[in-house]
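K.L.:
The structure is given below, and queries will be raised subsequently.
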Ligand SMILES: C[S@@+](CC[C@H](N)C(=O)[O-])C[C@H]1O[C@@H](n2cnc3c(N)ncnc32)[C@H](O)[C@@H]1O
């Protein structure tokens with residue numbers, strides 16, 4: 009069973025990026041970096057069969073599949089990861105400039121989040137939207153077990169995509185981990201814990 013997290017950011021803007029002020033100078037790229045690290049890492053190894061698709065409104069879609077990276081050289085903290093991700097975004101059309109970037113194996117696509125969701129729906133993946141006001145996630149574990157692949161759409165710091173008209177129109181089940189609002193990266197860790205414990 010593969011687990012894929014989808015996260016979209018409309019705010020990431022690296023035109024004035026400065027590592028000394030990561031959150032403020034990047035439109036909260038830090039939130040995205042924490043989510044990628046939360047999805048791919050499992051203590052001292054990469055998580056198996058967990059991918060994360062990052063939809064950046066200003067730069068395109070970046071697909072992180074741990075099978076394509078070398079764990080030893082992969083940036084494991086938020087600052088280092090963000091620095092390499094900015095370098096990747098700025099030089100995404102130049103293989104030469106990316107030869108020393110440990111993120112160079114990221115797949116880059118122009119597909120938007122709705123287009124990608126339609127594709128996975130056709131592939132019979134079970135798709136759920138993570139929403140504080142959704143249905144209790146535990147009532148859906150039977151569905152989780154019976155599917156070859158799960159997709160969880162998660163909001164960034166503002167959560168705006170979660171309530172967007174386009175996403176609501178696709179009528180995916182909204183699931184909740186309770187009324188408390190967690191950081192997106194914490195939600196990813198909690199989902200992995202629950203699924204690994206219950207599947
Ligand atoms: C930091 S929260 C978003 C901010 C929050 N919605 C707000 O309005 O301040 C990031 C995302 O994590 C997910 N999330 C946070 N807490 C959750 C919960 N208790 N159950 C399900 N998803 C949750 C949602 O997808 C949310 O959009």
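In our numbering, the protein residues as written are 9 to 207.
Virtual Cβ for every residue (Gly too), placed ideally from N, Cα, C.
Determine the burial state of residue 296: buried for a count of at least 16 other Cβ atoms within 10 Å of its Cβ, exposed for fewer.
P.N.:
Within the shown structure, residues of the chain are numbered from 9 to 207, placing residue 296 beyond reach of any answer.
K.L.:
Can you tell me the Cβ-Cβ gap for residue 183 and residue 14, rounded? I've got them flagged as a contact below 8 Å.
P.N.:
With 8 Å as the limit, residue 183 and residue 14 do not qualify as a contact, their Cβ atoms being about 14 Å apart.
K.L.:
Tell me the rounded alpha-carbon separation between residue 197 and residue 91.
P.N.:
Using only the alpha carbons, I get a separation of about 23 Å.
K.L.:
Residue range of the beta strand (DSSP E) that residue 155 falls in?
P.N.:
Run containing residue 155: none; DSSP gives neither H nor E here.
K.L.:
I'd like the span of the beta strand (DSSP E) that includes residue 115, first residue to last.
P.N.:
Where residue 115 is concerned, the enclosing beta strand (DSSP E) stretches over 115-117.
K.L.:
Within 10 angstroms of the Cβ of residue 146, are there 16 or more other Cβ atoms? Answer buried if so, exposed if not.
P.N.:
Looking at its Cβ environment, which holds fewer than 16 other Cβ atoms inside 10 Å, residue 146 is exposed.
K.L.:
With a cut-off of 7 Å, does the C-beta of residue 202 fall near any C-beta of chain C?
P.N.:
Here chain C cannot be found, since the structure has a single protein chain.
K.L.:
So, at 8 Å on beta carbons, what are the nonlocal neighbours of residue 188 in its own chain, with the 5 sequence-adjacent residues on each side left out?
P.N.:
Result list for residue 188: 140, in chain order.
K.L.:
Over what stretch of residues does the beta strand (DSSP E) that includes residue 91 continue unbroken?
P.N.:
Run containing residue 91: none in the beta strand (DSSP E); it sits in the alpha helix (DSSP H), 86-98.
K.L.:
In the DSSP output, what is residue 26 paired with across the bridge?
P.N.:
Answer by DSSP bridge pairing: none, since residue 26 is not bridged.
K.L.:
Would a C-beta distance cut-off of 7 Å place residue 114 and residue 180 closer than the cut-off?
P.N.:
The answer is no: Cβ separation not under 7 Å.
K.L.:
Hey, is the region 15-25 in contact with the region 159-173, meaning 3+ C-beta pairs nearer than 8 Å?
P.N.:
In short, these stretches touch, since the Cβ pair count reaches three.
K.L.:
Run the CB neighbour count on residue 131, radius 10 Å, all protein chains shown included, and call it buried at 16 or more, exposed below.
P.N.:
Residue 131 should be labelled exposed.
K.L.:
Do the region 101-119 and the region 148-164 meet, that is, are 3 or more Cβ pairs less than 8 Å apart?
P.N.:
With the cut-off at 8 Å, the region 101-119 and the region 148-164 do not touch.
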